[in-house]
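Per our numbering, the sequence shown starts with residue 643, numbered consecutively.
Beta carbons are placed, not taken as given, at the ideal position from N, Cα and C, and that holds for glycine.
These numbers were taken from a predicted model, which means no experiment stands behind them.
Below: one structure, written as structure tokens.
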Amino acid sequence: MSYWDLEFQFCRKIIIFGESNVGKTCFAKRCEQDVFAENPKKTIGVNLWGKRIEVHNIIYTLYFWDFSGEHKFRTMLKMYLKGIDAGIFMFDLSNLRSLLCFDYWMKFIKENRDSLFPIIILGTKNDIVKDEISNKAKQLCKERGIQHYLECSSMTGNNISEVFRVLKKLIGVNNNNNSYDKLN
Numbered sequence: 643m644s645y646w647d648l649e650f651q652f653c654r655k656i657i658i659f660g661e662s663n664v665g666k667t668c669f670a671k672r673c674e675q676d677v678f679a680e681n682p683k684k685t686i687g688v689n690l691w692g693k694r695i696e697v698h699n700i701i702y703t704l705y706f707w708d709f710s711g712e713h714k715f716r717t718m719l720k721m722y723l724k725g726i727d728a729g730i731f732m733f734d735l736s737n738l739r740s741l742l743c744f745d746y747w748m749k750f751i752k753e754n755r756d757s758l759f760p761i762i763i764l765g766t767k768n769d770i771v772k773d774e775i776s777n778k779a780k781q782l783c784k785e786r787g788i789q790h791y792l793e794c795s796s797m798t799g800n801n802i803s804e805v806f807r808v809l810k811k812l813i814g815v816n817n818n819n820n821s822y823d824k825l826n
């Protein structure tokens, strides 16, 4: 088996989705380069980036597909929903509207994808967290049966490693296992 066979044998496709300006691009920069992007460029359509992690002594390449939150790009996103291994819905902890869009995004994904995948709900900007919004997010997770809820700050780096710990847990099992959080 060649290097390239191994490279693609152990890769996982993760989508990052949510409204515009919730911090998806800043999260990507923090994860990819361990820096905070002060004034990131707006994502046009989809931004792709990768990170390697180790799970059970196997190196995985996680390919992150960062979907633009702008409505005008959503129709083109349908084609990127194939082959997803996990998803991260991101919302801004200082913006309740960004959390309330969760059901819209789930409906969009369900309409354009026929199989299930695990979901993490990730509140960003926890350095300026609003307890009321955090509590609403926890309630939403409970109501929707989402087991993985986290909060992080791309500015400070707080809890970024926890996101990868949970991703490792999600992809470290057989993809046919039904223990995932599912689209409800």
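Spell out the partners DSSP gives residue i in its beta bridges.
| i | result |
| --- | --- |
| Lys655 | Tyr705 |
| Tyr791 | Ile763 |
Determine the direct distance from the alpha carbon of residue j to that of residue i, and round the result to whole angstroms.
| i | j | result |
| --- | --- | --- |
| Ile802 | Ser795 | 7 Å |
| Phe706 | Ile762 | 13 Å |
| Leu812 | Lys784 | 19 Å |
| Glu674 | Ile656 | 14 Å |
| Gly692 | Ala670 | 9 Å |
| Asn681 | Val808 | 28 Å |
| Gly725 | Asp756 | 11 Å |
| Leu723 | Lys752 | 10 Å |
| Asn820 | Ile770 | With a pLDDT of 34 at Asn820, under the threshold of 50, the modelled position of this residue cannot be trusted; read the value that follows with caution. In a straight line, the C-alpha of Asn820 is about 36 Å away from that of Ile770. |
| Gly799 | Lys767 | 10 Å |
| Trp810 | Ile700 | According to the sequence provided, residue 810 is Lys. The question's Trp does not apply to it. Approximately 11 Å, taken between the alpha carbons. |
| Met732 | Gly787 | 17 Å |
| Val805 | Ser710 | 20 Å |
| Phe750 | Cys668 | 24 Å |
| Leu704 | Leu792 | 19 Å |
| Leu719 | Val688 | 8 Å |
| Glu696 | Tyr702 | 6 Å |
Give the DSSP-derived three-state secondary structure of residue i in the structure shown.
| i | result |
| --- | --- |
| Met732 | strand |
| Lys693 | strand |
| Val688 | strand |
| Ile700 | strand |
| Asp769 | helix |
| Ser740 | helix |
| Leu758 | coil |
| Leu661 | The question names Leu, but residue 661 in the sequence shown is Glu. In the structure shown, Glu661 sits in coil (DSSP, three-state: anything other than H, G, I, E or B). |
| Met797 | coil |
| Lys724 | coil |
| Lys810 | helix |
| Ser776 | helix |
| Glu804 | helix |
| Glu680 | coil |
Kindly indicate if chain B contains any beta-carbon less than 8 Å away from that of residue i.
| i | result |
| --- | --- |
| Pro760 | Absence of chain B from the displayed structure is noted, only one protein chain being present. |
Margin query: Across the stretch 652-672 and the stretch 776-783, are there enough close Cβ pairs to call them in contact, namely three or more that are closer than 8 Å?
Written below: No: the two stretches stay apart, fewer than three of their Cβ pairs being nearer than 8 Å.
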